[in-house]
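Residue numbers (my numbering): 11 to 379.
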């Protein structure tokens with residue numbers, strides 16, 4: 011197995027899907043990998059307990075030209091300590107790997123997540139540069155089939171493979187708790203508070219159900235996360251008269267998050283497909299699934315791989331609040347369907363999204379470098 015050097019701007023203790031994905035990757039290859047990531051508050055405690063070596067260095071400087079030159083320097087200065095560079099996000103860290111290869115002759119692999127490709131595609135210069143980076147890579151790792159198609163079709167990438175985000179550690183088997191009898195459904199969303207995640211759509215759907223005389227459908231909606239939309243969402247909840255239904259939870263521990271998944275009857279995150287900031291897959295749908303909680307999501311590429319419509323959850327048209335409200339009401343009325351979806355979601359998550367299942371195929375590819 012070659013020695014791997016993972017270079018990334020997005021890594022724990024930063025929270026989020028990309029950081030969790032890279033932590034899982036590093037943990038899987040812990041015996042042969044070294045991570046180089048930025049300094050963060052809380053990094054010392056994380057690095058001491060993660061089980062693999064992490065080096066904290068500055069990778070981006072505003073006053074250098076280019077600003078990602080420190081990332082290039084890290085790859086060149088450490089050329090004797092690795093055989094393959096693995097970088098996350100095609101720009102700018104992928105650019106650093108491409109430039110460094112001219113000096114080190116070390117092959118590189120690029121992990122793409124969806125939004126990074128969408129951002130690059132919007133600008134002709136960035137699209138050309140990203141195409142050069144991906145075509146120069148020995149391997150491109152995509153987090154979904156949709157991201158793989160984008161890499162191949164828009165950026166002419168070759169040697170693209172899919173490695174889905176895995177569930178790991180405490181995300182693996184735990185007893186499915188029986189839900190108590192309730193008057194209405196308990197809804198949960200876990201994400202950054204940004205427009206594309208669809209929190210406002212859920213609020214509007216709950217209001218529409220109330221206006222239609224179906225106030226019994228939803229008894230509680232908990233929103234977990236922080237972000238720039240928090241103030242706007244709190245105002246919307248008040249203006250819609252949902253103060254007695256909606257609870258905002260800004261900071262929760264992993265243990266508390268697990269308890270929230272156990273509490274929920276439905277995980278609801280109807281993300282938007284507009285713009286570059288879009289969902290590449292949606293790890294949180296699987297985190298809900300392992301607790302036996304079915305999801306309602308938007309019918310979008312990538313998301314439809316995390317949530318199988320009619321099998322592990324329900325997909326609704328992007329932006330259709332009426333369809334979202336109808337899906338919530340149908341799953342409230344049909345308890346058996348809701349439980350069947352949750353059971354199937356859990357079974358699939360436990361079977362298909364272990365670290366071995368997701369990352370083991372990469373080992374033979376790295377071995378071939």
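Don't be surprised by glycine CBs; every beta carbon is placed ideally from N, CA and C.
By DSSP, does residue 100 sit in helix, in strand, or in coil? Reading the chain shown from its first residue, position 90 is the one you call residue 100. In this structure, residue 100 counts as helix in the three-state DSSP scheme.
Alpha helix (DSSP H) containing residue 352: first to last residue? On the chain shown, position 342 is the one that residue 352 refers to. That run of the alpha helix (DSSP H) goes 345 to 362.
Of all the options 118, 25, 83 and 101, which has the alpha carbon lying nearest to the alpha carbon of residue 16? Locating residue 16 in the chain shown gives position 6, where the first residue counts as 1. Nearest of 118, 25, 83 and 101 to residue 16, Cα basis: 118.
List, from N- to C-terminal side, the alpha helix (DSSP H) runs of 4 residues or more that fit wholly inside the segment 171 to 257. 209 to 221 and 240 to 249
Is the CB-CB distance between residue 47 and residue 101 below 7 Å? As a working mapping, residue 47 is identified with position 37 in the chain shown. As a working mapping, residue 101 is identified with position 91 in the chain shown. For residue 47 and residue 101, no; Cβs fall outside 7 Å.
Beta strand (DSSP E) runs wholly inside the segment 52 to 79, at least 3 long, in chain order: 64 to 66
Quick one: Cα of residue 300 to Cα of residue 113, how far? The residue given as residue 300 occupies position 290 in the chain shown. The residue given as residue 113 occupies position 103 in the chain shown. Answer to the nearest angstrom: the Cα atoms are 45 Å apart.
Quick check on this structure: which residue in 332, 331 and 304 has the alpha carbon closest to the alpha carbon of residue 319? Taking the first residue of the chain shown as position 1, residue 319 is located at position 309. The shortest C-alpha separation from residue 319 is found at 304.
Are the C-beta of residue 41 and some C-beta of chain C separated by less than 7 Å? Of the protein chains in this structure there is only one, and it is not chain C.
Taking the Cβ atom as the reference point for each residue, do residue 43 and residue 14 lie within a distance shorter than 7 Å? As a position in the chain shown, residue 43 is number 33, starting the count at 1. As a position in the chain shown, residue 14 is number 4, starting the count at 1. Cβ distance < 7 Å, so residue 43 and residue 14 count as in contact.
Range of the contiguous alpha helix (DSSP H) that encloses residue 369: Within the chain shown, residue 369 is the residue found at index 359, counting from 1. Its alpha helix (DSSP H) spans residues 365 to 377.
Residue 26 lies in the beta strand (DSSP E); which residues open and close that run? Reading the chain shown from its first residue, position 16 is the one you call residue 26. First-last for residue 26: undefined, no H or E at that position.
Distance CB(residue 213)-CB(residue 236) smaller than 7 Å: Locating residue 213 in the chain shown gives position 203, counting from the first residue. Locating residue 236 in the chain shown gives position 226, counting from the first residue. Cβ distance not < 7 Å, so residue 213 and residue 236 don't count as in contact.
Going by beta carbon distance, what residues of the same chain come within less than 6 Å of residue 260, once the five residues before and after it are set aside? Within the chain shown, the letter at position 250 stands for residue 260. Within the same chain, residue 260 has close Cβ partners 236.
Touch test, the segment 142 to 154 against the segment 162 to 174, Cβ-Cβ under 8 Å, three pairs minimum: yes
At least three beta-carbon pairs within less than 8 Å, the segment 287 to 298 to the segment 324 to 340: no
Cutoff 7 Å; reference residue 227; Cβ partners in own chain excluding five residues on either side: Indexing the chain shown from 1 puts residue 227 at position 217. Around residue 227: 194, 195, 219, 338, 339 and 342.
According to DSSP, is residue 20 helix, strand or coil? For the purposes of this step, residue 20 is identified with residue 10 of the chain shown, where counting begins at 1. In the structure shown, residue 20 sits in coil (DSSP, three-state: anything other than H, G, I, E or B).
Count the other CB atoms within 10 Å of the CB of residue 377; is the residue buried (16 or more) or exposed (fewer)? Walking along the chain shown from the start, residue 377 turns up at place 367. Flag for residue 377 reads exposed.
Name the residue from 330, 233, 130 and 298 whose alpha carbon lies nearest to the alpha carbon of residue 316. By one-based count along the chain shown, residue 316 stands at place 306. Cα-wise, what sits closest to residue 316 is 298.
Among residues of its own chain, excluding the 5 on either side of residue 94, which ones have a beta-carbon nearer than 8 Å to its beta-carbon? Taking the chain shown and counting its residues from 1, the one referred to as residue 94 is at position 84. Cβ neighbours of residue 94 beyond the five flanking positions: 12, 13, 14, 15, 116, 117, 118, 119, 148, 376 and 379.
Find out if the Cβ-Cβ distance for the pair residue 176, residue 368 is shorter than 7 Å. Translated into the one-based positions of the chain shown, residue 176 becomes position 166. Translated into the one-based positions of the chain shown, residue 368 becomes position 358. The answer is yes: Cβ separation under 7 Å.
Enclosing alpha helix (DSSP H) for residue 4 [first to last residue]: As displayed, the chain neither begins before 11 nor continues past 379, which places residue 4 out of reach and without an answer.
Let's test the definition: count the other Cβ atoms within 10 Å of the Cβ of residue 345 and tell me whether it reaches 16, buried, or not, exposed. Stepping through the chain shown from its first residue, residue 345 is reached at position 335. Flag for residue 345 reads exposed.
For the structure I just gave you, are there three or more beta carbon pairs, one from the segment 21 to 39 and one from the segment 58 to 75, closer than 8 Å? yes
Checking 7 Å against the spacing of the C-beta atoms, do residue 83 and residue 70 come in under that value? Your numbering for residue 83 matches position 73 in the chain shown. Your numbering for residue 70 matches position 60 in the chain shown. Not a contact, by the Cβ cut-off of 7 Å.
Starting from the N-terminal side, write out each stretch of the beta strand (DSSP E) that is 3 residues or longer and does not extend beyond the segment 259 to 290. 276 to 279
With a 10 Å radius around its C-beta and 16 neighbouring C-beta atoms as the bar for buried, classify residue 161 as buried or exposed. Here residue 161 refers to the residue found at position 151 when the chain shown is read from its first residue. Buried.
My assumption, with CB atoms under 8 Å, is that residue 206 sits in contact with residue 365. Please give the rounded CB distance. The sequence position of residue 206 within the chain shown is 196, counting from 1. The sequence position of residue 365 within the chain shown is 355, counting from 1. Not a contact, Cβ separation roughly 28 Å.
Could you spell out where the beta strand (DSSP E) holding residue 44 opens and where it closes? Position 34 of the chain shown, counting from 1, holds the residue named residue 44. Looking at the DSSP string, the run of the beta strand (DSSP E) that includes residue 44 is 43 to 47.
Three-state secondary structure (DSSP) at residue 308? Numbered from 1 along the chain shown, position 298 holds the residue referred to as residue 308. Residue state, collapsed to three classes: strand.
Candidates 151, 312 and 330: which alpha carbon is nearest residue 370's? On the chain shown, residue 370 is found 360 positions in, with the first residue counted as 1. The option with the nearest alpha carbon to residue 370 is 151.
Buried or exposed: which applies to residue 157, given that a residue is buried once 16 or more other Cβ atoms fall within 10 Å of its Cβ? What you label residue 157 is simply residue 147 of the chain shown in a count that begins at 1. Classification of residue 157: buried, given that the 10 Å Cβ count is 16 or more.
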